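Numbering of the sequence shown is given in UniProt numbering, commencing with residue 1 and proceeding in unit increments. Everything on this sheet refers to the single structure shown next.
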Amino acid sequence: MLGGAARVLFRGGDVCPAIGVMAVSDGELLVLRSAMGVLEPDGVTVAVRLPDQPELFGALPEELLELEACQWDRGDGPGAVAFSCRAPMTITEIERYRDIWPEYADLARRHGICAVAAIPMRVDDTEAGVLSLYSHAPRPWSRRDVHRAALLATMAAEHILSRHQVRQHQRTTAQLRHALTSRIVVEQAKGVIAHAHGTTTAVAFELIRAHARRNRVTVHAVARGIVELGLRI
Numbered sequence: 001m002l003g004g005a006a007r008v009l010f011r012g013g014d015v016c017p018a019i020g021v022m023a024v025s026d027g028e029l030l031v032l033r034s035a036m037g038v039l040e041p042d043g044v045t046v047a048v049r050l051p052d053q054p055e056l057f058g059a060l061p062e063e064l065l066e067l068e069a070c071q072w073d074r075g076d077g078p079g080a081v082a083f084s085c086r087a088p089m090t091i092t093e094i095e096r097y098r099d100i101w102p103e104y105a106d107l108a109r110r111h112g113i114c115a116v117a118a119i120p121m122r123v124d125d126t127e128a129g130v131l132s133l134y135s136h137a138p139r140p141w142s143r144r145d146v147h148r149a150a151l152l153a154t155m156a157a158e159h160i161l162s163r164h165q166v167r168q169h170q171r172t173t174a175q176l177r178h179a180l181t182s183r184i185v186v187e188q189a190k191g192v193i194a195h196a197h198g199t200t201t202a203v204a205f206e207l208i209r210a211h212a213r214r215n216r217v218t219v220h221a222v223a224r225g226i227v228e229l230g231l232r233i
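What follows is the structure, given as structure tokens:
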């Protein structure tokens with residue numbers, strides 16, 4: 001069951017935040033449009049799933065968002081199975097799987113979907129999500145269909161993972177910058193208090209820490225008060 005995860009739905013270039021917020025580039029939508037042009041399905045969706053990130057669902061046409069989100073909420077359906085098994089799953093007629101996925105089959109019928117091919121998106125051993133193709137009529141997906149879809153899925157995964165790595169780098173850089181700034185402020189505060197009390201910086205730090213504990217604030221907050229606001233302890 002994946003319904004507790006943060007999620008963003010994007011439709012035709014617009015972003016519709018559901019249970020979280022995540023910046024969406026045009027890359028995923030470009031993959032959807034490419035799949036529509038190259039493979040000529042009646043619909044295509046992409047589900048992006050990366051560790052510690054909101055889920056992303058994209059669909060053309062956009063009403064297929066409901067069909068895509070349903071299977072990830074329940075942890076079943078061709079896309080969810082393809083992702084967990086790390087292998088393409090092709091279904092000529094969804095109705096044949098009604099006993100296994102009754103809710104998914106009902107939604108597929110409601111949207112006029114009869115066949116689906118779900119292709120995992122990954123780079124090397126890193127899973128990024130699933131690209132799914134839909135057909136209104138029974139469709140025996142050919143090896144060529146699956147091969148082309150796999151190429152598009154790989155392109156999508158490379159784009160998604162690249163953005164993910166950039167965000168991770170930016171987050172790490174920001175954390176290191178904050179840690180460095182905090183360290184500098186604390187060192188300055190130690191110097192101020194050591195000078196004021198005519199003592200060592202080690203003793204000054206213990207004074208700062210004791211003040212922070214008494215007032216239930218962080219050492220960094222006390223240090224900023226000393227350096228920026230003239231606080232004396």
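Beta carbons are placed, not taken as given, at the ideal position from N, Cα and C, and that holds for glycine. These figures come from a predicted structure and were not determined experimentally.
Boundaries of the alpha helix (DSSP H) harbouring T201: 201-215, taken from the DSSP string. Looking at E66, Q188, T201, the one whose alpha-carbon comes closest to that of A223 is Q188.
Linking T126 to T201 through their CA atoms gives a straight-line distance of about 48 Å. Looking from the CA of T154, the closest CA among W141, V130, P138 belongs to V130. Per DSSP, reduced to three states, the secondary structure at E127 is strand.
When secondary structure is reduced to three states using DSSP, R109 falls in the helix class. Per the coordinates, the alpha-carbon of E158 lies some 6 Å from the alpha-carbon of V123. The stretch 131-146 makes contact with the stretch 86-97; the number of CB pairs closer than 8 Å reaches 3 or more.
In the pairwise beta carbon analysis, the stretch 178-193 is classified as not touching the stretch 68-87: fewer than three pairs are separated by under 8 Å.
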